[in-house]
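In the numbering used here, the protein residues as written are -13 to 337.
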């Protein structure tokens, strides 16, 4: 019953037709050339599980004559249920069909012919071996993703990946040890950043809504800028900077989206996302920039500096402070990083 589309079956069954009408509808669906094979499989298996062997055999014969795809697993189950042993010619034809139609997954649960032809068992073992390799590769990729997120101090995201790994591979002792190490480090981070998390609420600058006249002027300016930047993309960068001065970061992002791709555009976009408090988007863009400018050592500091601000704004104060500390250890003259650390820790001496 793999891959059954329950919605397709429900659309047929909920009409409360007679059993003959239901079977006739299902048979028409199976023969419908516009229906995908995965959807047809649902109807094939419904006939088998509802003990409609007569209709099932009729459809199998018709499909074979019309050279249409058939469910090989049901052929094996039907014959083995009735104790029918296929001829050598039939076995060879099925093996050939399984390979040509990439239907080897049909053999996973259909074991009725294993004793009749070693090729059936061999095909299943090869398929399962490939699936095991895919699973190992998938597991390796998840572990690499976890380690990357952990190195980037993105603990919440790393925790979700690790939780997913444990769900998929609950018996893996190495993953359980990884979880214990992660939990221990998490506890240490909480204790280390305890003082930083006790930051008192600070008065924020009051926002004063612009007057009606100012708003109308701003709207006119925005329309003018958008119209001209579509025609003259070289103006978009300067126009976006102009909107920064009036603290209209959302408008600045819209104008910047029309600019030609460049280094300046990339960095201004992520700075605008931070200013607009769209921190999740900013983190995604930073990951992209980190890869894009991996050969530029200065970009590493820029990415780390902005990432720390995003993490702090998202409530991950401990991770943000650690990133800033790593920056100032390498760049002691990075004054803005020192200032942010003092601000986040209320002047606590961390050196």
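The beta carbon of each residue, even a glycine, is placed where N, CA and C say it ideally should be.
Query raised in the report: In three-state terms, what does DSSP make of residue 231?
Result: In the chain shown, residue 231 corresponds to position 245, counting from 1. Note: residue 231 maps to helix in three-state DSSP.
Query raised in the report: Could you give the distance in angstroms between the alpha-carbon of residue 103 and the alpha-carbon of residue 77?
Result: Locating residue 103 in the chain shown gives position 117, where the first residue counts as 1. Locating residue 77 in the chain shown gives position 91, where the first residue counts as 1. The alpha-carbon atoms of residue 103 and residue 77 are separated by roughly 7 Å.
Requested in this report: Could you pull the start and end residues of the alpha helix (DSSP H) that residue 296 belongs to?
Outcome: Taking the first residue of the chain shown as 1, we reach residue 296 at position 310. Per DSSP, residue 296 belongs to the alpha helix (DSSP H) from 283 to 299.
Query raised in the report: Quick one: is residue 30 buried, meaning 16 or more other Cβ sit within 10 Å of its Cβ, or exposed?
Result: Counted from its first residue, the chain shown places residue 30 at position 44. Classification for residue 30: buried.
Requested in this report: In the DSSP assignment, find the unbroken alpha helix (DSSP H) run with residue 69 in it and report its ends.
Outcome: Position 83 of the chain shown, counting from 1, holds the residue named residue 69. Counting along the chain, residue 69 falls outside any alpha helix (DSSP H), and DSSP gives it neither H nor E.
Query raised in the report: CB residue 313 to CB residue 285, shorter than 8 Å?
Result: Position 327 of the chain shown, counted from the start, is the residue given in the question as residue 313. Position 299 of the chain shown, counted from the start, is the residue given in the question as residue 285. The answer is no: Cβ separation not under 8 Å.
Query raised in the report: Does the region 256 to 276 touch the region 232 to 246, meaning 3 or more C-beta pairs lie closer than 8 Å?
Result: yes
**Report entry** Cβ-based burial, residue 203 [other Cβ within 10 Å; buried from 16]
**Finding:** The residue labelled residue 203 in the question sits at position 217 within the chain shown. Label assigned to residue 203: exposed.
Query raised in the report: Taking the Cβ atom as the reference point for each residue, do residue 42 and residue 60 lie within a distance shorter than 8 Å?
Result: Counting from 1 along the chain shown, the entry for residue 42 is found at position 56. Counting from 1 along the chain shown, the entry for residue 60 is found at position 74. Yes, they are a contact pair.
Query raised in the report: What three-state label does DSSP hand residue 48 in the structure shown?
Result: Here the question's residue 48 lines up with position 62 in the chain shown. Reduced to three states, the DSSP call for residue 48 is helix.
Requested in this report: Can you grab the Cα-Cα spacing for the pair residue 95 / residue 267, in whole Å?
Outcome: The sequence position of residue 95 within the chain shown is 109, counting from 1. The sequence position of residue 267 within the chain shown is 281, counting from 1. Near 45 Å, if we compare the C-alpha coordinates of residue 267 and residue 95.
Query raised in the report: Can you tell me whether DSSP reads residue 302 as helix, strand or coil?
Result: For the purposes of this step, residue 302 is taken as the residue at position 316 of the chain shown. If DSSP states are grouped into helix, strand and coil, residue 302 belongs with coil.
Report task. Could you tell me the distance, in whole angstroms, from the CA atom of residue 19 to the CA atom of residue 13? Result -> Here residue 19 is taken as the residue at index 33 of the chain shown, counted from 1. Here residue 13 is taken as the residue at index 27 of the chain shown, counted from 1. Taking the straight line from one Cα to the other gives about 12 Å.
Query raised in the report: Is DSSP giving residue 139 helix, strand or coil here?
Result: Walking along the chain shown from the start, residue 139 turns up at place 153. Correct three-state label for residue 139: coil.
Query - Enclosing alpha helix (DSSP H) for residue 7 [first to last residue] - result: Residue 7 sits at position 21 when you count from the first residue of the chain shown. Segment 5 to 17, the alpha helix (DSSP H) holding residue 7.
Query raised in the report: Any idea if residue 108 is buried or exposed, counting beta-carbon neighbours within 10 angstroms, 16 or more meaning buried?
Result: Reading the chain shown from its first residue, position 122 is the one you call residue 108. Flag for residue 108 reads exposed.
Report task. Assess, as a yes-or-no matter, whether the region 111 to 131 is touched by the region 141 to 158 under the definition of 3 or more beta carbon pairs within less than 8 Å. Result -> yes
Query - Coil, strand or helix - residue 318 by DSSP - result: Position 332 of the chain shown holds residue 318. Residue state, collapsed to three classes: coil.
Report task. Taking only the alpha-carbon atoms, compute the straight-line gap between residue 338 and residue 149 and give it to the nearest angstrom. Result -> What is shown of the chain runs -13 to 337, which leaves residue 338 out entirely.
Requested in this report: Count the other C-beta atoms from every protein chain shown that fall within 10 angstroms of the C-beta of residue 187, then say buried if there are 16 or more, exposed otherwise.
Outcome: Along the chain shown, one-based indexing puts residue 187 at 201. With a pLDDT of 41 at residue 187, under the threshold of 50, the modelled position of this residue cannot be trusted; read the value that follows with caution. Exposed: under 16 other Cβ atoms inside 10 Å.
Requested in this report: Starting from the C-beta of residue 143, find all residues in its chain whose C-beta is less than 7 Å away, skip the five residues before and the five after it, and write them out in chain order.
Outcome: Sequence index remark: in the chain shown, residue 143 carries index 157 (1-based). For residue 143, where only same-chain residues beyond five positions count, the Cβ hits under 7 Å are 135.
**Report entry** Buried/exposed call for residue 182, threshold 16 Cβ in 10 Å
**Finding:** Residue 182 sits at position 196 when you count from the first residue of the chain shown. With a pLDDT of 41 at residue 182, under the threshold of 50, the modelled position of that residue is not reliable, and the figure given next carries that caveat. When all chains shown are included, residue 182 counts as buried.
Query raised in the report: To the nearest whole angstrom, what separates the beta carbons of residue 98 and residue 63, a pair I think is in contact under 8 Å?
Result: Here the question's residue 98 lines up with position 112 in the chain shown. Here the question's residue 63 lines up with position 77 in the chain shown. 6 Å between Cβ atoms; contact.
Requested in this report: Over the uninterrupted alpha helix (DSSP H) stretch that includes residue 22, give me the two end residues.
Outcome: One-based indexing of the chain shown puts residue 22 at position 36. Residue 22 -> no alpha helix (DSSP H), and no H or E assigned at all.
Requested in this report: Report the rounded CA-to-CA distance for residue 52 versus residue 273, giving the unit in angstroms.
Outcome: As a first step, residue 52 is located in the chain shown; it is residue number 66 there, counting from the start. As a first step, residue 273 is located in the chain shown; it is residue number 287 there, counting from the start. Cα to Cα, residue 52 sits roughly 53 Å from residue 273.
Requested in this report: Provide the residue span of the alpha helix (DSSP H) that contains residue 251, from first to last.
Outcome: Numbered from its first residue, the chain shown carries residue 251 at position 265. Taken as a continuous stretch (DSSP letters only), the alpha helix (DSSP H) holding residue 251 covers 249 to 261.
Query raised in the report: Exposed or buried, which one is residue 298 when buried takes at least 16 other CB atoms within 10 Å?
Result: Counted from its first residue, the chain shown places residue 298 at position 312. Answer is buried; the Cβ neighbour count reaches 16.
**Report entry** CA nearest to the CA of residue 293, picked from 275, 248, 250 and 283
**Finding:** By 1-based counting over the chain shown, the position of residue 293 is 307. Here the closest residue by C-alpha is 275.
Query raised in the report: residue 206: buried (16+ other C-beta within 10 angstroms of its C-beta) or exposed?
Result: By 1-based counting over the chain shown, the position of residue 206 is 220. Answer is exposed; the Cβ neighbour count stays below 16.
Query raised in the report: Can you tell me whether residue 323 is buried or exposed, with buried defined as 16 or more other CB within 10 angstroms of its CB?
Result: On the chain shown, position 337 is the one that residue 323 refers to. By the 10 Å Cβ count, residue 323 comes out buried.
Query raised in the report: Quick one: is residue 110 buried, meaning 16 or more other Cβ sit within 10 Å of its Cβ, or exposed?
Result: Looking up residue 110 in the chain shown gives position 124. Buried is the call here.
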